[in-house]
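A.B. asks: Handing you a structure now.
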Amino acid sequence: ALAKAGMKVHAFDVLPYERPSPGLSGKLKNRFSFGASFSLLQKNLVSTALRLRPDVIHYRMPVRVWASTVERLRSRGFSQTCYYNDDPFSVSSPWGIHLHLKKALPHFQHHFLFRRKNIADFSRAGIRNISLLPPFFPEAALRHSGERLELRYDGAFIGHWENDGWDIVTGK
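Numbering (the numbering used here), first residue to last: 66 to 237.
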């Protein structure tokens, strides 16, 4: 959307750094985002920012980015924003998934949140620059066509799946 609006956009893909290794150590490295691959991610993110000098670095779901990296970029004068559409404060979240994000929260200049309830969670964590950014569904997509639907199934899955590697992170 930003590119369509005429802005220069450079996407930094973290998926190439997610290299699931066999065994317990591989699962731990992937769950907690540590090891050589994730160190390289941090280094390359910083070097890319220094090379491109963007006006804003915007993260979507930065579970792989270390707080030290966000802090380092901020100390170099980069404005950083974060959009997070999961609930990092949920008791049902897989343990450790949000570890780096929670440590990095104070280093972002602004947070955009998917869930209204997370505004209070982020505020309790000391975060002040918060905006709600819920999903948008065009009204036409929400209207039923009025045609009779033939029911062929006892149940349905309603939701979505994103090819973003989250299944690799959580091990599900």
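Yeah, the Cβ is synthetic: ideal placement off N, Cα and C, and Gly gets one too. Just so we're clear, the structure is a prediction, and the values are computed from it rather than from any experiment.
Below 8 Å between beta carbons: does that hold for Val128 and His163?
C.D. replies: Cβ distance < 8 Å, so Val128 and His163 count as in contact.
A.B. asks: Is Thr134 buried or exposed, if buried means 16 or more other CB atoms sit within 10 Å of its CB?
C.D. replies: buried
A.B. asks: Alpha carbon to alpha carbon, how far is Asn109 from His176?
C.D. replies: C-alpha separation (whole angstroms): 23 Å.
A.B. asks: Give the single residue among Phe154, Ser155, Glu136 and Asp152 whose Cα lies nearest to the Cα of Thr146.
C.D. replies: Glu136
A.B. asks: Please work out which residues of its chain come closer than 6 Å, Cβ to Cβ, to Asn95, disregarding the five sequence neighbours upstream and downstream, and give them in chain order.
C.D. replies: Pro85
A.B. asks: On the three-state DSSP scale, how would you describe Gln145?
C.D. replies: strand
A.B. asks: Report the CB separation of Ala114 from Leu93 in whole angstroms; it is logged as a contact under 8 Å.
C.D. replies: Contact doesn't hold; Cβ gap of about 28 Å is too wide.
A.B. asks: Cα-Cα, which of Phe154, Ser144 and Gly142 is closest to Ser188?
C.D. replies: Phe154
A.B. asks: Within 10 angstroms of the Cβ of Asn194, are there 16 or more other Cβ atoms? Answer buried if so, exposed if not.
C.D. replies: With a threshold of 16 other beta carbon atoms within 10 Å, Asn194 falls short and is exposed.
A.B. asks: Near Phe103, which residues of its chain fall below 7 Å by C-beta distance, leaving aside the five closest residues on each side in sequence?
C.D. replies: Tyr82 and Arg129
A.B. asks: When we look at the beta-carbon of Ala169 and count the other beta-carbons within 10 Å, is it buried (16 or more) or exposed?
C.D. replies: buried
A.B. asks: Given a cut-off of 8 Å, decide if Leu198 and Phe179 are closer than it, judged by their beta-carbon atoms.
C.D. replies: yes
A.B. asks: My guess is that Leu106 and Val74 are in contact by the Cβ rule of under 8 Å, so how many angstroms apart are they, rounded?
C.D. replies: Incorrect: roughly 19 Å between the Cβ atoms, too far for contact.
A.B. asks: Return the chain-ordered list of same chain residues with a C-beta closer than 8 Å to the C-beta of Ser196, the five sequence neighbours on each side being excluded.
C.D. replies: The answer, listed in chain order, is His175, His176, Phe177 and Leu178.
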